[in-house]
Amino acid sequence: MNDLEYEQLTDNTLLAVEEAIEQLELDLDYESNGGLLSITFPDQSKIIINKQPPLQQLWLATKFNGHHFEWRDKQWIDNRTGSEFWQLLSDAASKQAGSPVVLAPPQSGTE
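Printed below as a string of structure tokens:
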């Protein structure tokens, strides 16, 4: 993947996360700035998602741990656990929210 493809892919993923948050009935705040998306939960804990262009990775930091994702087989995969980005994000958000949270990309398949 070249740098332009990486930028488009990560920008689309961050936008898809914002759109998924908007669809929730849970009151989450988020702020996006320069390749970093910060999600704030009612208890003031945060999940941070940010781009890492030199490594062509997407990083996810939760209240509990951090994950580095690489693009493989048309999805972001955690290079340590093998977990898929959206599933791990939903699991982490559920833990931090204290109730089930399902975050998913738009149905069009354009992450």
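Be aware that the sequence shown starts at 1, since it is given in the UniProt record's numbering, and climbs by one per residue.
Even for Gly, the Cβ is constructed at its ideal location relative to N, Cα and C.
Treat the numbers as computed from the prediction; the structure is a model and nothing was measured.
Which same chain residues, not among the five before or five after residue i, have their C-beta less than 6 Å away from its C-beta?
| i | result |
| --- | --- |
| Ala61 | Ile48 |
| Leu59 | Reading off the sequence shown, one finds Trp at residue 59, where the question assumed Leu. Correct list, in chain order: Asn50, Gln52 and His68. |
So, for residue i: in the same chain, excluding its five sequence neighbours on each side, which residues have a beta-carbon less than 7 Å away from its beta-carbon?
| i | result |
| --- | --- |
| Ser45 | Lys63 and Gln96 |
| Trp86 | Leu103, Ala104 and Pro105 |
Opposite residue i in the DSSP bridges: which residues?
| i | result |
| --- | --- |
| residue 117 | A question about residue 117 goes unanswered here, because the residues of the chain that appear run from 1 up to 111. |
Roughly how many angstroms separate the alpha carbons of residue i and residue j, rounded to a whole number?
| i | j | result |
| --- | --- | --- |
| Ser90 | Ser32 | 19 Å |
| Pro54 | Asp78 | 17 Å |
| Met1 | Glu84 | 19 Å |
| Gly88 | Gly35 | Going by the sequence as given, residue 88 is Leu instead of Gly. Whole-angstrom Cα-Cα distance: 19 Å. |
| Val101 | Asp43 | 15 Å |
Can you find the residues in the same chain that come closer than 8 Å, C-beta to C-beta, to residue i, ignoring five residues on each side of it along the sequence?
| i | result |
| --- | --- |
| Glu19 | Pro106 |
| Ile21 | Leu28, Tyr30, Ile39 and Leu103 |
Verify whether the separation of the beta carbon atoms of residue i and residue j is less than 8 Å.
| i | j | result |
| --- | --- | --- |
| Leu14 | Leu28 | no |
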